[in-house]
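**Q** Residue numbers (our numbering): 1 to 359. Glycine residues also receive a C-beta, built at the ideal position from the N, C-alpha and C atoms.
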């Protein structure tokens, strides 16, 4: 079988399984393919050393990467349609011992963006997130670990702004994950002088109502986002923090003052992507299960009076009381039978904490 056909077969299997990532891992006598489905890695296929190297070379070529360079990490991307299902594929390689490469592909479906009500486990979460979009200006930040669905939530929010609120939306991303016609999308390109900070300055001259920034990752971007919110725009972005209250500490680390946060912040979320109990299979899905909704978002929301009480009280920097809200959401999901106790152990501190709260 030709390498192109082999790769197409792998992608077809991944799409059927609703996979998010493919891992081609070097072993002593060959390569092992693992597929991430619902947050779990599943062993799929093994390849000889020659087959694995040919697959990696093909993917690097397709993603416009340097085929001959195996000593340095590389990244690239390409688009492909699999069974009429459009995909954006982000490819990453790492040099591995001895003289091999490890390759990971992130699969980003390019189909329609789901609504907030389709994404969230509880309907009231979607209502509260939607209410934030009625503001004409301010800063909304989404936090959570990698793979928690932050980007999908962002896309759903700005899709609502463009389609239902008739707002002019401009995004600044690195890279653009889902190509959409409803808004203007700009990709960060440092070689061309387009960074998050310089891109935001240019966007402000393009008469936007809503600005989406892929990620606030440094002081310059944080300051540009705050400035955009202060000048009368609604700004949505993601930031790395463990919980909603932790976002405030992270902004302080990036040089944003308490006064600036009071003036701009209108909402903070901390979200987790949880596996939901399948009505057909029970708690755990069989691999051949056709049920489409296997994951949902659980959110801790910090907005309104709760947000301002923390921002206005200098002593309220402890995240514990706020973090309990995320735990409460998970606990509620368990009580309703939507999720299993396994999801609790994935995202929370200990089993004893769960028992103490129930008693």
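Please classify residue 190 as buried or exposed, where buried requires at least 16 other C-beta atoms within 10 Å of its C-beta.
**A** By the neighbour-count rule (16 or more Cβ atoms within 10 Å), residue 190 is not buried but exposed.
**Q** What residue does the beta strand (DSSP E) around residue 273 start on, and which one ends it?
**A** First-last of the beta strand (DSSP E) with residue 273: 265–275.
**Q** When DSSP labels each residue in this structure, what does residue 124 get in the three-state scheme?
**A** Helix.
**Q** Judging by CA-CA distance, which residue of 227, 253, 333 and 210 is the nearest neighbour of residue 239?
**A** Of the listed residues, the one whose Cα sits closest to residue 239 is 253.
**Q** Skipping 5 residues on each side, what residues in its chain have a beta carbon closer than 6 Å to that of residue 103?
**A** Around residue 103: 24, 56 and 93.
**Q** Of all the options 168, 266, 269 and 150, which has the alpha carbon lying nearest to the alpha carbon of residue 215?
**A** The shortest C-alpha separation from residue 215 is found at 150.
**Q** Using 8 Å as the Cβ pair cut-off and three pairs as the minimum, do the segment 75–94 and the segment 103–119 touch?
**A** Yes, they touch.
**Q** DSSP state of residue 13, grouped into three classes?
**A** Helix, per DSSP.
**Q** Would you give the residue range spanned by the alpha helix (DSSP H) that residue 308 belongs to?
**A** Segment 304–312, the alpha helix (DSSP H) holding residue 308.
**Q** Does the segment 160–168 come within contact of the segment 336–349, defined as at least 3 CB pairs closer than 8 Å?
**A** Result no; under three Cβ-Cβ pairs closer than 8 Å.
**Q** Report the option in 209, 225, 178 and 167 whose CA atom is closest to the CA atom of residue 195.
**A** Nearest of 209, 225, 178 and 167 to residue 195, Cα basis: 225.
**Q** Going by alpha carbons, who is nearest to residue 112 out of 138, 178 and 70?
**A** Of 138, 178 and 70, the residue nearest in Cα terms is 178.
**Q** Taking the runs of the alpha helix (DSSP H) that are 4 residues or longer, which of them lie wholly in the segment 79–121?
**A** Listed in chain order, the complete alpha helix (DSSP H) runs (minimum 4 residues) inside the segment 79–121 are 116–119.
**Q** Give me the residue from 244, 302, 312 and 200 with the minimum Cα distance to residue 131.
**A** It is 302 whose Cα lies nearest to the Cα of residue 131.
**Q** What do you get for residue 155, buried or exposed, if any count of 16 or more other CB atoms within 10 angstroms of its CB means buried?
**A** Buried, because 16 or more other Cβ atoms sit within 10 Å of the Cβ of residue 155.
**Q** Using the three-state DSSP reduction, which class does residue 196 fall into: helix, strand or coil?
**A** Residue state, collapsed to three classes: helix.
**Q** In angstroms with no decimal places, state the Cα-to-Cα distance between residue 323 and residue 247.
**A** At residue 323 the pLDDT is 38, less than 50, meaning the model places this residue with poor confidence; the figure from the coordinates comes in the next sentence. Whole-angstrom Cα-Cα distance: 12 Å.
**Q** Decide if the segment 15–29 is in contact with the segment 64–73; the criterion is three or more beta carbon pairs, one per stretch, under 8 Å apart.
**A** Result no; under three Cβ-Cβ pairs closer than 8 Å.
**Q** Let me make sure I understand the geometry here. Which of 348, 22, 32 and 61 has the alpha-carbon closest to that of residue 47?
**A** Looking at the Cα atoms, 32 is the closest of the given residues.
**Q** Pick out whichever of 83, 58 and 82 has its Cα sitting closest to the Cα of residue 76.
**A** Among 83, 58 and 82, the Cα nearest to that of residue 76 belongs to 58.
**Q** Which residue's Cα is closest to the Cα of residue 40: 295, 231, 158 and 98?
**A** Minimum Cα distance to residue 40 is reached at 295.
**Q** Where residue 220 and residue 265 are concerned, what is the direct C-alpha to C-alpha distance, given to the nearest angstrom?
**A** Rounded to whole angstroms, residue 220 to residue 265 spans 17 Å at the Cα level.
**Q** If you compare alpha carbons, which of 83, 35, 7 and 123 is closest to residue 297?
**A** It is 123 whose Cα lies nearest to the Cα of residue 297.
**Q** Within the same chain, show all residues whose beta-carbon is closer than 6 Å to that of residue 8, passing over the 5 residues directly before and after it, in chain order.
**A** Answer for residue 8: no residue qualifies.
**Q** How would you call residue 207, buried or exposed, if buried means at least 16 neighbouring beta carbons within 10 angstroms?
**A** Classification for residue 207: exposed.
**Q** Alpha carbon to alpha carbon, how far is residue 257 from residue 50?
**A** Each residue's alpha carbon lies about 56 Å from the other.
**Q** Rounded to whole angstroms, what is the Cα-Cα separation between residue 331 and residue 69?
**A** Answer to the nearest angstrom: the Cα atoms are 49 Å apart.
**Q** Could you pull out every residue in the same chain whose Cβ sits closer than 6 Å to the Cβ of residue 316, ignoring the five residues on either side in sequence?
**A** At residue 316, the pLDDT of 44 sits below 50, so the modelled position is not reliable; the number obtained from the coordinates is stated separately. The answer, listed in chain order, is 310.
**Q** Work out the CA separation of residue 270 and residue 142 for me, nearest whole Å.
**A** So the two alpha carbons sit approximately 6 Å from each other.
**Q** In terms of residues, what are the limits of the beta strand (DSSP E) holding residue 36?
**A** Note, residue 36: beta strand (DSSP E), 30–37.
**Q** Who are the Cβ neighbours of residue 188 in its own chain at under 8 Å, not counting the five residues just before and after it?
**A** So the qualifying residues of the chain are 172, 173, 174, 175, 194, 195, 196, 199 and 214.
**Q** Tell me the DSSP secondary structure of residue 153 in three-state form.
**A** Residue 153: helix per DSSP, three-state reduction.
**Q** Take the Cβ of residue 4 as the centre, count every other Cβ of all protein chains shown within 10 Å, and call the residue buried at 16 or more, exposed below.
**A** With fewer than 16 Cβ atoms within 10 Å of its Cβ, residue 4 is classed as exposed.
**Q** Classify residue 228 as helix, strand or coil using the three-state DSSP reduction.
**A** The answer is helix: DSSP assigns residue 228 an H, G or I state.
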